[in-house]
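In what follows, a structure is listed as structure tokens, so that the remarks can point back to it.
2 protein chains.
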Amino acid sequence: MRRIDSSKNEQIKAWKKLHTKKGREKAGQFLVEGFHLVEEALRASIKVNTVLLTDETIPPQEWPLAELDVIMISPQVMKELAETETPQGVIAVCELPETPDAEITEGKYLLVDRVQDPGNLGTMIRTADSAGLTGVIVGDGCVDIFNGKLIRASQGSIFHLPVLKGDLVDWVERCKQAQIPVFGTALKGASSYSAIEPQRDFALLMGNEGEGVSEELLELTDQNLYIPIYGEAESLNVAVATGILLYYLRG
Amino acid sequence: MRRIDSSKNEQIKAWKKLHTKKGREKAGQFLVEGFHLVEEALRASIKVNTVLLTDETIPPQEWPLAELDVIMISPQVMKELAETETPQGVIAVCELPETPDAEITEGKYLLVDRVQDPGNLGTMIRTADSAGLTGVIVGDGCVDIFNGKLIRASQGSIFHLPVLKGDLVDWVERCKQAQIPVFGTALKGASSYSAIEPQRDFALLMGNEGEGVSEELLELTDQNLYIPIYGEAESLNVAVATGILLYYLRG
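Line by line, the protein sequences are chains L and B.
In terms of the numbering used here, the first sequence has 181 at position 181, counting the first letter as 1, and numbering is strictly consecutive.
In terms of the numbering used here, the second sequence has 1017 at position 17, counting the first letter as 1, and numbering is strictly consecutive.
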């Protein structure tokens, strides 16, 4: 079994570059950190190239380590590569999957317009998974879905349901062609969400933390919804709003 | 107007200690950072002792700066004192308010058991404010509510509605004596939330990120609820679950 004890090792330096979107796209790889998430990646159709462990790490017996490239690293190197403050001692180097081009015919979809915070988008994907959605469409201006913080906030849900990327104008059109009603979220010209009935098929469009969904997209939807604010808060967190709407819409 | 340009200044060192709970309690003060939050603190009944600005900061005209102790600090000192990566150039040093001892007779309450993440608890308080709740009761084992990250995640809602602290066993009893139905959240022995009707008065009990609500508390409730998981996720984020339940319960 190979060992790397120095953080100056060229391979370690190369993997550290996977902390940025640019580095991930250049290398075609991303990092997954912690027992639960590595397990989810192994179980999903993600190609795990290498598993990094420290001497103290006790990997679960069911992990197919014999079939994987396992490298032992020092606690110091683990600390360098990990993005959490107290690393669990396991990191997987995975291949970026090809984005599948799904055809939409029916189902329940979350469309995300320019959400910037990886914690928010990860939590939204986790929420979409919980609500049993068919898929999530992440618009071009969103934070990269292979960001480490996003993967951790998704708690593995990013490996459970199709998370597609692309131009939302195009996706809204595809939903409409498939006769799936598209609901935007907006403060003006919108109806309270509770004024509509739960839906068998739907696409829900959620937007940027500060600006919401773009005007261009709001004009393409079938109907725009808002969540009433009964107190003095100006708005809800976007992941919380996603949960309220998805659980209401699915009925 | 006073100026402090060195981060070695004793006063600056003393304020830096307000980043920890221990430091806040010892000094009886806490920090509020950024335009929006300082404005909310000024508008609320929070006593603002000192406002720290940099030369580049342009405070809103309506701020009563003439009545406040304003100190100009260097960008370097601002960076030391601020907890955000790109500080807005304004920090208020505020007095910790006395916890009011509210009497409960009716209304809608959120009770929080041992939530550890300041972002989660702040978002829960923001959500409770949005849903028009009467108050939030933060149990003894929760993260400190004057944590900077919590205040930022609450987006000022911590200044909008009563946020009380204390022993939750005691508070659950008080709610029950006031004939306010208390709903716990649990996976076992619980009903799907949609099986109950929206309520005029209620207390909703949400629990720790990993462990949920303590067994001891769950035995004291009138009824325990769960949110169905339709996909492969193991659970919902606690703030998202709070949003789904509060908006459902208030009807």
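The beta-carbon is built from N, C-alpha and C at its ideal position, and this holds for glycine as well.
Since the model is a prediction, treat every value here as computed from it, not as a measurement.
If you ignore the 5 residues before and after G156 of chain L, its C-beta comes within less than 7 angstroms of the C-beta of H36, L37, E40, all in its own chain and listed in chain order. Note that the segment 1094-1107 of chain B does not touch the segment 1063-1082 of chain B; fewer than 3 beta-carbon pairs, one per stretch, sit closer than 8 angstroms. Residue state for D129 of chain L is assigned as helix, using DSSP reduced to three classes. Out of B:K1022, B:A1044, B:S1006, B:D1113, the CA that lies nearest to the CA of I1158 of chain B is found in B:A1044.
For S1130 of chain B, the nearest beta carbon of chain L is closer than 8 angstroms to its own beta carbon. Here T1020 of chain B carries a coil assignment [DSSP, helix/strand/coil]. Pairwise C-beta distances place the segment 1206-1214 of chain B out of contact with the segment 1087-1097 of chain B, as fewer than three of them are shorter than 8 angstroms. Under the 10 Å beta carbon count, D69 of chain L is surrounded by fewer than 16 other beta carbons and is classified as exposed. Counted as a single uninterrupted DSSP element, the stretch harbouring K1108 of chain B is not any alpha helix (DSSP H) but the beta strand (DSSP E) occupying residues 1108-1113. Distance between L1245 of chain B and M1124 of chain B, taken at the CA atoms: about 11 angstroms. The straight-line gap separating the alpha-carbon atoms of T1099 of chain B and T1134 of chain B is approximately 15 angstroms. Here Q1029 of chain B is buried, its C-beta having at least 16 other C-beta atoms within 10 Å. Residue-level contact by beta carbon holds for H160 of chain L and chain B, with a gap shorter than 8 angstroms. Under the Cβ criterion of 8 angstroms, R1152 of chain B is not counted among the residues facing chain L. Contact annotation: A1190 of chain B and N1224 of chain B have beta-carbon atoms nearer than 8 angstroms.
Excluding its 5 nearest sequence neighbours in each direction, G1184 of chain B has C-beta neighbours in its own chain below 6 angstroms: L1205, V1213, L1218, T1221, N1224, listed in chain order.
Taking C-beta separations shorter than 8 angstroms and ignoring five residues to either side along the sequence, the partners of K1149 of chain B in its chain run E1083, P1118, G1119, G1122, following chain order.
It is roughly 19 angstroms from the alpha-carbon of G34 of chain L to the alpha-carbon of R24 of chain L. Residues are counted here when their Cβ sits less than 9 angstroms from a Cβ of chain B; for the segment 221-232 of chain L these are I227, P228, I229, Y230, G231, E232, given in chain order. Any Cβ of chain B closer than 8 angstroms to the Cβ of Y247 of chain L would place that residue at the interface, and such an atom is present. For I1137 of chain B, the closest C-alpha among the options B:R1174, B:V1048, B:S1192 is that of B:R1174.
Judged by DSSP secondary structure, Y247 of chain L falls within the alpha helix (DSSP H) whose first and last residues are 238-250. Counted as a single uninterrupted DSSP element, the stretch harbouring K47 of chain L is not any alpha helix (DSSP H), since DSSP gives it neither H nor E. G1243 of chain B has a beta carbon lying within less than 8 angstroms of a beta carbon in chain L.
What A1239 of chain B touches in chain L, judged by beta-carbon distance under 9 angstroms, is T123, N237, A239, V240, G243, going in chain order.
Beyond the five residues adjoining it in sequence on each side, I58 of chain L comes within less than 8 angstroms, by CB distance, of no other residue in the same chain. Along the segment 59-89 of chain L, none of the residues has a CB nearer than 7 angstroms to a CB of chain B.
V1143 of chain B carries a coil assignment under DSSP once its states are collapsed to helix, strand and coil. Taking 8 angstroms as the CB threshold, Q1155 of chain B lines the interface with chain L.
Minimum Cα-Cα distance from M72 of chain L among the listed residues L:K21, L:A178, L:T54, L:T86 corresponds to L:T54. Taking every protein chain shown into account, the CB of N147 of chain L has 16 or more other CB atoms within 10 angstroms, so this residue is buried.
Boundaries for K165 of chain L: no alpha helix (DSSP H) harbours it, while the beta strand (DSSP E) harbouring it runs 163-166, taken from the DSSP string. Note that the C-beta distance between P1198 of chain B and R1250 of chain B is below 8 angstroms.
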